Amino acid sequence: MLVLGIETSCDETSAAVFNDGTLISNIVYSQSEHRRYGGVVPELASRAHIRRIVPVVDEAISEAGVSLSDIELIGATVGPGLVGSLLVGLTFAKTLCFALDIPFVGVNHIEAHIFSSLVYEDVSTPALALVVSGGHTELHFIPEFGVYRLLGKTRDDAAGECLDKTSKFLGLGYPGGPVVDRIAKEGDPDRFSFPRAMLESGDLDFSFSGIKTSVIEFFTSCGEDFVRSNLPDILAGIQEAVVDSLVEKLKQAYKIYPVSDIIVVGGVAANSRLREKLARFSEAEGVRMHIPPVSLCTDNAAMVARLAIFLFERNGSSPLSLSAVPRLDLAQKGD
Ligand SMILES: Nc1ncnc2c1ncn2[C@@H]1O[C@H](COP(=O)(O)OP(=O)(O)OP(=O)(O)O)[C@@H](O)[C@H]1O
Ligand SMILES: [Mg+2]
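For the record, in the sequence shown the residue sitting at position 330 is 481 according to my numbering, with numbers rising by one throughout.
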């Protein structure tokens, strides 16, 4: 079965093609329009999606060596995300399905991130999933795919948002995660210490806004020149605080749910220090750690197509009346 996935929830326009369960193309256009603003400007994002959606879908189809009329199913992101951005991909996908008379499947973006771990490998359930992205930091217990129990989530900023805001504050550009990752490689993570919040909270929630506040205080007390000349050590310290908070909560969840498989997905899963510490955890505990390749950590349509295949096999198609849902939870605590 030839399946086309379309993703436009935020600032990536992406299209991917699967052939009988194998990914054969995945085109991601990352919008550069937002860099000068230090964050995503929703109106610019939807306009950029409108400009890019046709060339991106065309490229995915041609790289796959197929033609549009061969496509048998299309999946697109319904939410969560920016409403204008979501509407571009969703309307495009539904219109194509109507014109080609093929089924359509709407998908949840966070569940799609979880399914990025299934693009190249199998994952056994029950499993734990840590979703760490620009807008979400969530821990889920997954008794089987399609069923998600929210164990904990951030009470304020997401991990990626914390790195993005820190980077913006220090004038290092957007998105901040990759910049921090690159510069921190040259630094000493133990020279400056930043807070690891809520490790003793007795639940599996996270908090990252304290790191941002302490960076601002540090900057004010040490001065700009000191920060500039010690940037690698400072960023390594900030990154270490974020990574330690994530790994520590994951370890706490693993104590309660000693599963064989753990999934770590979302843009922050691209972080080299996090990957290093997760590899150590996996080795120490003998647990299988599923982290997608870096190209599938940030937003992409491969994960959307992979989830659409699963949902279509399980539930059939979605109605073409399905509309964008900007705020869409995967699961509420206690579900
Ligand atoms: N190497 C890296 N290290 C740390 N963070 C990273 C790295 N690469 C990307 N990120 C972060 O990942 C985030 C983007 O991830 P993603 O595309 O999954 O988020 P989003 O789609 O904007 O949000 P959501 O998925 O929650 O709706 C940004 O915050 C970015 O800074
Ligand atoms: Mg995302």
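For every residue, glycine included, the Cβ atom is placed at its ideal position computed from N, Cα and C. Treat the numbers as computed from the prediction; the structure is a model and nothing was measured.
- Taking all protein chains in view, the Cβ of I367 is surrounded by fewer than 16 other Cβ atoms within 10 Å, so the residue is classified as exposed.
- In this structure, D356 has its CB at a distance of at least 6 Å from all heavy atoms of ligand 2.
- According to the DSSP assignment, K428 belongs to the alpha helix (DSSP H) that extends over S423 to E436.
- Residues I442 of the same chain have their beta carbon placed closer than 7 Å to that of R426, with the five preceding and five following residues left out of the count.
- Relative to the Cα of H264, the nearest Cα in the group E464, D332 and A456 belongs to A456.
- In the DSSP assignment, H441 is bridged to I414.
- Distance between T228 and L473, taken at the CA atoms: about 11 Å.
- If you look at Y405, you'll find it in the alpha helix (DSSP H) that goes L382 to I407.
- The straight-line gap separating the alpha-carbon atoms of S213 and A199 is approximately 21 Å.
- Note that the C-beta distance between L314 and G322 is not below 7 Å.
- Residue list for ligand 2: S284 and D450 (CB closer than 5 Å to any heavy atom, chain order).
- If only uninterrupted beta strand (DSSP E) runs of at least 3 residues are considered, those enclosed by the segment 244-324 are 255-259, 278-283, 288-295 and 298-304.
- A residue is called buried when at least 16 other Cβ atoms come within 10 angstroms of its Cβ; Q182 meets this threshold and is buried.
- The beta carbon of V258 sits no closer than 6 Å to any heavy atom of ligand 1.
- Taken through DSSP and simplified to helix, strand or coil, V208 comes out as helix.
- Residue pairing for T371: DSSP places it in no beta bridge.
- Buried is the label assigned to C161, since at least 16 other Cβ atoms lie within 10 Å of its Cβ.
- The closest CA to that of T364, considering only V394, Q390, T317 and E391, is found on T317.
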